[in-house]
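Residue numbers (the numbering used here): 1100 to 1445.
Using N, Cα and C, we set each Cβ at its ideal position, and we do this for glycine too.
Everything numeric in this text was worked out from a predicted model, so none of it was measured.
Before any comments, here is the structure.
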Amino acid sequence: MLKNFWYACEFSSAITNKPKQVPLLNQQFVLYRNSQGEVVALLDRCPHRGAALSNGWVENDCIRCPYHGWKFTTDGTCIEIPANQPGVPIPKKARIDTYPVQEKYGFVWLFWGDLPPEECPPLPSFPEVTDSALRSVEIESTCNAHYTRLLENSIDPGHSAFVHAHSFGSGMNQEPRLPDYKVRLEGWGASALLNLKQHKPRGFFWKFTHSKDYLEIKTTNTFYMPNLAIAYIGIPTKLILFVAHVPVDEQTTISKFIQFRSFLTQPWADGIFHKQSLKVCLEDKQVIESQRPRVVPDDLTAELHVPSDALSITYRQLRRKCLDMGWGLTPDISLSDHTNGVRIQV
Ligand code: FES
Ligand SMILES: [Fe+2]
1100 MLKNFWYACE
1110 FSSAITNKPK
1120 QVPLLNQQFV
1130 LYRNSQGEVV
1140 ALLDRCPHRG
1150 AALSNGWVEN
1160 DCIRCPYHGW
1170 KFTTDGTCIE
1180 IPANQPGVPI
1190 PKKARIDTYP
1200 VQEKYGFVWL
1210 FWGDLPPEEC
1220 PPLPSFPEVT
1230 DSALRSVEIE
1240 STCNAHYTRL
1250 LENSIDPGHS
1260 AFVHAHSFGS
1270 GMNQEPRLPD
1280 YKVRLEGWGA
1290 SALLNLKQHK
1300 PRGFFWKFTH
1310 SKDYLEIKTT
1320 NTFYMPNLAI
1330 AYIGIPTKLI
1340 LFVAHVPVDE
1350 QTTISKFIQF
1360 RSFLTQPWAD
1370 GIFHKQSLKV
1380 CLEDKQVIES
1390 QRPRVVPDDL
1400 TAELHVPSDA
1410 LSITYRQLRR
1420 KCLDMGWGLT
1430 PDISLSDHTN
1440 GVRIQV
């Protein structure tokens, strides 16, 4: 896990004026909206006895702990301790850490690091997904795996003919060879354009978009450190898959996808796209949960690479660069209440 990045951690649509717990980087945060509609992010742990504030409620933009009712402002200051007699001062240490957040591209982004956000990599730019003519669906999938393996899977063109042989890769299994491609480095990310030639896959989506049996599809796979991948699938119509692999802890990742489409934009079609995407996630999950070591190796020589792995090699190199800069986070399991994706009930 890496520090000094903005993390897409939750769908914007999931944050309301009701506090919501967001697990990220071995910790729990609580997010809610104030009366201006702005997102507030605090550590989800009351400084009094450690209760989760996300089980509390919002009052005049402040958050009230559900255990003994302490009340905190959006900057984390405690302003009320109900059990105290009048005149008893509030301890100076009665405060909660707060975090910079911003909203963009349908996600809430939380900054985690020890450098000022201005000195760290900025949010990448995805102008394509701001096209208001696009219809989107949100998909969420939890995987018992490290986020680095999920990210690599998102940018790996070589697995589709096998892992997705019964979904969108069904047209590739007779011809799994991939064209050579070039990797374009873009600051803290990289992308690759692939011209894929394949038989038309089975299924509703391809039937609707293509009349020919043999297709040429331009696909651009892109990733940005530390956990974002985006696929632009250039068919006559547009399909964009934007995913944040949210690192919950060393064993658990919640992948949050927003799929944008320029066709079949009627709301009734959302369910079809949602169901198809979930099926693809489950296909990936079966393989990814089996990978060992769980974390993508830091050393490039630890696994084998072929030309179609070029984009994931670039990801490993950039990850190595972050670790060399001292941006790696040491796992602290004492902070986590997740093990193998299951909450520990003590
Ligand atoms: S634990 Fe929050 S007020 Fe006591
Ligand atoms: Fe996949």
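Bridge partner(s) assigned by DSSP for residue i
i: Lys-1119; result: Leu-1130
i: Arg-1360; result: Arg-1234 and Leu-1338
i: Pro-1215; result: Paired residues: none, contrary to the question.
i: Gly-1288; result: Glu-1285 and Tyr-1323
i: Ala-1150; result: DSSP output for Ala-1150 lists no bridge partner at all.
i: Val-1200; result: Leu-1209
i: Trp-1426; result: In the DSSP output, where bridge partners are listed per residue, Trp-1426 has none listed.
i: Thr-1318; result: Leu-1293 and Ile-1332
i: Tyr-1414; result: Note: Tyr-1414 sits in no beta bridge, so no partner.
i: His-1167; result: Beta-bridge pairing links His-1167 to no other residue.
i: Pro-1346; result: Thr-1352
i: Ser-1224; result: Ser-1224 is not bridged to any residue.
i: Glu-1158; result: Cys-1161
i: Phe-1110; result: Phe-1206
i: Trp-1105; result: Phe-1210
i: Ala-1140; result: Leu-1130
i: Arg-1194; result: Thr-1176
i: Tyr-1313; result: His-1298
Exposure of residue i, with buried meaning 16 or more beta-carbon neighbours within 10 Å
i: Thr-1229; result: exposed
i: Asn-1116; result: exposed
i: Cys-1145; result: buried
i: Gln-1444; result: Since pLDDT at Gln-1444 reaches only 37, below the 50 mark, its modelled position is unreliable, and the value read off the structure follows with that caveat. Exposed, by the Cβ-count rule.
i: Trp-1105; result: buried
i: Phe-1267; result: buried
i: Val-1441; result: Its pLDDT being 37, under 50, Val-1441 is placed unreliably in this model, and the value from its coordinates should be taken loosely. It counts as exposed.
i: Ile-1178; result: exposed
i: Asn-1183; result: exposed
i: Glu-1217; result: exposed
i: Gln-1135; result: exposed
i: Ala-1289; result: buried
i: Ser-1407; result: buried
i: His-1167; result: exposed
i: Val-1200; result: buried
i: Met-1100; result: buried
i: Ala-1140; result: buried
i: Thr-1247; result: buried
i: Thr-1413; result: buried
i: Asp-1410; result: Contrary to the premise, residue 1410 reads as Leu rather than Asp in this sequence. By the neighbour-count rule (16 or more Cβ atoms within 10 Å), Leu-1410 is buried.
i: Glu-1109; result: buried
i: Ser-1240; result: buried
i: Val-1379; result: buried
i: Ala-1401; result: exposed
i: Gly-1155; result: buried
i: Ile-1114; result: buried
i: Val-1157; result: buried
i: Trp-1169; result: buried
i: Gln-1365; result: exposed
i: Val-1405; result: exposed
Beta carbon proximity, residue i to chain C, threshold 8 Å
i: Leu-1123; result: Here there is only one protein chain, and chain C is not present.
CB-CB length for residue i against residue j, believed under 8 Å
i: Arg-1360; j: Lys-1337; result: 7 Å
i: Asn-1272; j: Ala-1260; result: 5 Å
i: Ile-1316; j: Gly-1333; result: 7 Å
i: Asn-1133; j: Asp-1160; result: 4 Å
i: Leu-1277; j: Leu-1293; result: 7 Å
i: Ala-1343; j: Ala-1193; result: Going by Cβ atoms, the distance from Ala-1343 to Ala-1193 rounds to 33 Å, so no, they are not a contact pair.
i: Ile-1238; j: Phe-1356; result: 4 Å
i: Ser-1269; j: Phe-1206; result: At roughly 31 Å, the Cβ-Cβ gap does not stay under 8 Å, so Ser-1269 and Phe-1206 are not in contact.
i: Tyr-1131; j: Ile-1162; result: 7 Å
i: Leu-1428; j: Lys-1191; result: The Cβ separation is near 28 Å, so there is no contact.
i: Gln-1358; j: Leu-1340; result: 5 Å
i: Leu-1249; j: Asp-1196; result: Actually they are not in contact, since the Cβ atoms of Leu-1249 and Asp-1196 sit about 28 Å apart, beyond 8 Å.
i: Val-1395; j: Arg-1419; result: Incorrect: roughly 10 Å between the Cβ atoms, too far for contact.
i: Ser-1153; j: Pro-1118; result: 5 Å
i: His-1245; j: Arg-1393; result: 5 Å
i: Glu-1202; j: Tyr-1331; result: Going by Cβ atoms, the distance from Glu-1202 to Tyr-1331 rounds to 22 Å, so no, they are not a contact pair.
i: Lys-1295; j: Thr-1319; result: A small correction: the amino acid at residue 1295 is Leu; Lys does not occupy that position in the sequence shown. Contact flag wrong, Cβ pair sits at about 11 Å.
| message | Quick check: the segment 1114-1127 against the segment 1336-1352, are at least 3 beta-carbon pairs closer than 8 Å? | response | With contact defined as three or more Cβ pairs closer than 8 Å, the segment 1336-1352 and the segment 1114-1127 are in contact.
| message | Can you tell me which residues fall inside 7 Å of ligand 1, judged by beta-carbon distance to its nearest heavy atom, and keep chain order? | response | Residue selection by CB proximity (closer than 7 Å to any heavy atom of ligand 1) returns Cys-1145, His-1147, Arg-1148, Gly-1149, Ala-1150, Cys-1164, Tyr-1166, His-1167, Gly-1168 and Trp-1169 in chain order.
| query | Is it a yes or a no for the segment 1242-1253 touching the segment 1377-1389, going by three-plus beta-carbon pairs under 8 Å? | reply | Using a C-beta cut-off of 8 Å, the segment 1242-1253 makes contact with the segment 1377-1389, since at least three inter-stretch Cβ pairs fall below that distance.
| message | Does the segment 1320-1339 come into contact with the segment 1280-1298, if we say contact requires no fewer than three beta-carbon pairs (one atom in each stretch) closer than 8 Å? | response | Touching, yes.
| query | Do the segment 1123-1138 and the segment 1208-1217 touch if we need at least three Cβ pairs shorter than 8 Å? | reply | Taking one beta carbon from each stretch, the segment 1123-1138 and the segment 1208-1217 have 3 or more pairs nearer than 8 Å; the two touch.
| query | Can at least three beta-carbon pairs, one atom from the segment 1222-1242 and one from the segment 1362-1378, be found at a separation below 8 Å? | reply | Counting C-beta pairs with one atom in each stretch, the segment 1222-1242 and the segment 1362-1378 have three or more that are closer than 8 Å, which means they touch.
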